[in-house]
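Presented below is the structure to which this report refers.
2 protein chains.
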Amino acid sequence: MIDPWTFSSTVDYEDIMEQFGIKKFSEIIMNIKNPSLLMKRGVIFGHRDFDLIARRISENKNFIAISGMMPSGKMHIGHKMVVDQLKWYLKHGANVFISIADMEAYATRSISFKEGREIAINEYLFNYVALGLDLDKVEVYLQSQSKPLNDLAFNLSKKVNLSQMRAIYGFENSTNIAHLYAPLIQVADILLPQSELFFPNTPTVVPVGIDQDPHIRLTRDIVIRFKDEFNFIAPGSTYHRFISGLNKDKMSSSKPKTAIFLTDSLDVVEKKVKSAKTGGRESLKEQKELGGCPEKCVVYELLLYHLIKEDKKLENVYTHCKEGTLLCGECKQATADKLKELFENLAIKRDESIEIAENIL
Amino acid sequence: MIDPWTFSSTVDYEDIMEQFGIKKFSEIIMNIKNPSLLMKRGVIFGHRDFDLIARRISENKNFIAISGMMPSGKMHIGHKMVVDQLKWYLKHGANVFISIADMEAYATRSISFKEGREIAINEYLFNYVALGLDLDKVEVYLQSQSKPLNDLAFNLSKKVNLSQMRAIYGFENSTNIAHLYAPLIQVADILLPQSELFFPNTPTVVPVGIDQDPHIRLTRDIVIRFKDEFNFIAPGSTYHRFISGLNKDKMSSSKPKTAIFLTDSLDVVEKKVKSAKTGGRESLKEQKELGGCPEKCVVYELLLYHLIKEDKKLENVYTHCKEGTLLCGECKQATADKLKELFENLAIKRDESIEIAENIL
Numbered sequence: 026m027i028d029p030w031t032f033s034s035t036v037d038y039e040d041i042m043e044q045f046g047i048k049k050f051s052e053i054i055m056n057i058k059n060p061s062l063l064m065k066r067g068v069i070f071g072h073r074d075f076d077l078i079a080r081r082i083s084e085n086k087n088f089i090a091i092s093g094m095m096p097s098g099k100m101h102i103g104h105k106m107v108v109d110q111l112k113w114y115l116k117h118g119a120n121v122f123i124s125i126a127d128m129e130a131y132a133t134r135s136i137s138f139k140e141g142r143e144i145a146i147n148e149y150l151f152n153y154v155a156l157g158l159d160l161d162k163v164e165v166y167l168q169s170q171s172k173p174l175n176d177l178a179f180n181l182s183k184k185v186n187l188s189q190m191r192a193i194y195g196f197e198n199s200t201n202i203a204h205l206y207a208p209l210i211q212v213a214d215i216l217l218p219q220s221e222l223f224f225p226n227t228p229t230v231v232p233v234g235i236d237q238d239p240h241i242r243l244t245r246d247i248v249i250r251f252k253d254e255f256n257f258i259a260p261g262s263t264y265h266r267f268i269s270g271l272n273k274d275k276m277s278s279s280k281p282k283t284a285i286f287l288t289d290s291l292d293v294v295e296k297k298v299k300s301a302k303t304g305g306r307e308s309l310k311e312q313k314e315l316g317g318c319p320e321k322c323v324v325y326e327l328l329l330y331h332l333i334k335e336d337k338k339l340e341n342v343y344t345h346c347k348e349g350t351l352l353c354g355e356c357k358q359a360t361a362d363k364l365k366e367l368f369e370n371l372a373i374k375r376d377e378s379i380e381i382a383e384n385i386l
Numbered sequence: 026m027i028d029p030w031t032f033s034s035t036v037d038y039e040d041i042m043e044q045f046g047i048k049k050f051s052e053i054i055m056n057i058k059n060p061s062l063l064m065k066r067g068v069i070f071g072h073r074d075f076d077l078i079a080r081r082i083s084e085n086k087n088f089i090a091i092s093g094m095m096p097s098g099k100m101h102i103g104h105k106m107v108v109d110q111l112k113w114y115l116k117h118g119a120n121v122f123i124s125i126a127d128m129e130a131y132a133t134r135s136i137s138f139k140e141g142r143e144i145a146i147n148e149y150l151f152n153y154v155a156l157g158l159d160l161d162k163v164e165v166y167l168q169s170q171s172k173p174l175n176d177l178a179f180n181l182s183k184k185v186n187l188s189q190m191r192a193i194y195g196f197e198n199s200t201n202i203a204h205l206y207a208p209l210i211q212v213a214d215i216l217l218p219q220s221e222l223f224f225p226n227t228p229t230v231v232p233v234g235i236d237q238d239p240h241i242r243l244t245r246d247i248v249i250r251f252k253d254e255f256n257f258i259a260p261g262s263t264y265h266r267f268i269s270g271l272n273k274d275k276m277s278s279s280k281p282k283t284a285i286f287l288t289d290s291l292d293v294v295e296k297k298v299k300s301a302k303t304g305g306r307e308s309l310k311e312q313k314e315l316g317g318c319p320e321k322c323v324v325y326e327l328l329l330y331h332l333i334k335e336d337k338k339l340e341n342v343y344t345h346c347k348e349g350t351l352l353c354g355e356c357k358q359a360t361a362d363k364l365k366e367l368f369e370n371l372a373i374k375r376d377e378s379i380e381i382a383e384n385i386l
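Take a look at the structure:
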């Protein structure tokens, strides 16, 4: 059972893909015009129906890209991936929607709508802006404030029964009704952009982590059940790997020691990078002889996901690590420096970005 | 298990009162200033916390009275009871709210919001007006159109879990999620009038049939669970007997042969009254000797509930029936005549009442 609320660390992606019929992204990447770094580097590893989106892009036609954020905790470096994807989609012709899942945050984390709104602005949206996403071109909304969204959720909830919700999400008798109902709001998040209010008959992609796949499956089922009433196209999806936490577990806002938060000070950033688990050997001597293991290195992941754009430069790091000529101390310092540069840039844009974020909501 | 959707005919009221802690109305009626006919005649037989409402009335203070209608099927003579109660409450200082349960109708009967609105106006509200309820003094709303209502429902749904909903309503694994969620909207119907938007800290009464008691119990539980967040006063309630159908089963819109609809033509009304099961004996001879049984007579119920206001006159009918001097043929004709007069009056007011009803929504 994978569900969006308790999913954790060690993931066998291959196994999950097999089990739920998710296809390999590598098999369609050649059809994509200008694939993003995350696509080329295998961070985005799986998809459903992305063929359709690739075709729309190559035909210069619009499509819908949907993202959600749960306003709880703080935004960490792993979340940057979402922003990078949305920027890419926007650039390639998408109508981008961002749902702030304040109803889910209330149902599952007891965060009030008022708190949710504040967290969304002060922890997430301003960083989205600072990271370069043009929110003026994006439809951003709070779930709790959208009546059409809630109407659609209730409408769709008529054709899903308790057994189905249990089978998909593993709900127990102790599950509260708000929590039980919240996934239907997520489904409505995914389908509302295809309603008459926005872009009917437009293919949709939802970039997610594998833990969100239950929502995708439920939505695709519901589209079929309502085919006589609505002309929804089943949403496609992409799946990205989770960035590792500093200790190699999943990076998670709720475990501060695993995460580099986008609001961490430069000192803290440097310390955290230096504390990260690497693919280094037991001793310096051994590492010089055998080389390091970038495949198992949290620091290398930071470079791969976020910090080195040029493939050639990344390849150099990889090769030198493997050869034992690039040692962990030096590599950590270089990575910390790059990350600090990124964070410095975010901090400079902070005030202006918060103002933009506040005005968006 | 009693639930609002499958409840039927033969009811042991005493047993249910005992089981669920409903108190006898007869024990508090002496505290009520000008009790209504339905109260005096025992049609309203049970209550929870009505003491509080009786006190408010005697102190000339306002209180809240709430009623709901599910816009499905047609309005029958049994439904008049609700209107009579609301008129009485309005006259005695209540702020009256009427919820049109279009979300419940969608969840449980697949009636669209559009259909629900039309049924509400053309089958129910106009009759409410024609029966003399001043809707200008009443807050009437469609569940689907009230964002505060839906917000409150979602808010409250956080502290109810699946076990509790099953225990109260007997939901199965095949129950759809809209249906599962709909009772929370009913709970919000009952509590919203006590929110900051309307009349905070005001005692509330909900006049219902016993089949709606699960909603009352759930609401009272929820008030306790949210006592730290909201200042809701647990709603009181009254319970009325169901009027019998023409064949002695429960009168029900979904069984047209059991019901006299308020839009039936005068001919049909007469025919239906004459076809009703009475408390008469096997033969005329026997009836003259032994007398009839008004306690078991559908026609007598019509007189008791709706058609004879003066107690003295009703007593005469009762006595003469018991004595065997008033026979069923004569009694049915007199009853049909009274009912036709009522219906004629409704028909005259029809156009004007529909206009008022349309403007209310």
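Protein chains in written order, with my numbering: chain S, 26 to 386; chain P, 26 to 386. Every residue gets a Cβ at the ideal spot worked out from N, C-alpha and C, and that includes glycine. In this text the structure is predicted, and so the values were computed from the model without any measurement.
Measure from the C-beta of residue i to each C-beta in chain P and report whether the shortest distance is under 8 Å.
i	result
D161/S	no
A132/S	yes
Y206/S	yes
Between residue i and chain S, is any beta-carbon pair separated by less than 8 Å?
i	result
D246/P	no
A213/P	no
I20/P	No answer is possible for residue 20/P: it lies beyond the span of chain P, which begins at 26 and ends at 386.
V68/P	no
K86/P	no
L209/P	yes
Using the DSSP secondary-structure output, state which residues sit across from residue i in a beta bridge.
i	result
S124/P	G93/P, Y166/P
P232/P	T263/P
K49/S	G71/S
K275/S	S269/S
H101/S	F286/S
A119/S	F88/S
Using only the alpha-carbon positions, how far apart do residue i and residue j sit?
i	j	result
L222/P	I193/P	29 Å
N370/P	A361/P	14 Å
S33/P	L77/S	Since pLDDT at S33/P reaches only 45, below the 50 mark, its modelled position is unreliable, and the value read off the structure follows with that caveat. Going from the Cα of S33/P to the Cα of L77/S covers about 53 Å.
K299/S	Q358/S	7 Å
N341/S	P319/S	12 Å
V165/S	K112/S	14 Å
K86/S	G103/S	30 Å
I379/S	N147/S	7 Å
A90/S	K374/S	26 Å
A119/S	F251/P	43 Å
V231/P	H117/P	15 Å
L309/S	L271/S	21 Å
N152/P	A207/P	26 Å
Y131/P	T200/P	14 Å
Y325/S	R306/S	15 Å
T229/S	Q110/S	14 Å
K282/P	V323/P	14 Å
D74/S	K49/S	11 Å
T263/P	N384/S	50 Å
R266/P	G67/P	8 Å
Residues of chain S with CB under 7 Å from residue i, in chain order?
i	result
F179/P	M128, A203
By the criterion of Cβ-Cβ separation under 7 Å, what are the contact partners of residue i in chain P?
i	result
N175/S	N175
K172/S	K172
Can you name the residues of chain P whose CB is closer than 9 Å to the CB of residue i?
i	result
S169/S	D176, F179
Secondary structure, beta strand (DSSP E): runs of 3+ residues fully inside the region 144-215 of chain S: 163-167
Any residues in the region 181-199 of chain S with a beta carbon nearer than 9 Å to a beta carbon of chain B? Which ones, in chain order? The structure shown has no chain B; the protein chains it does contain are S and P.
Just to confirm the assignment: which complete alpha helix (DSSP H) runs, minimum length 4, are found wholly within the region 337-363 of chain P? none
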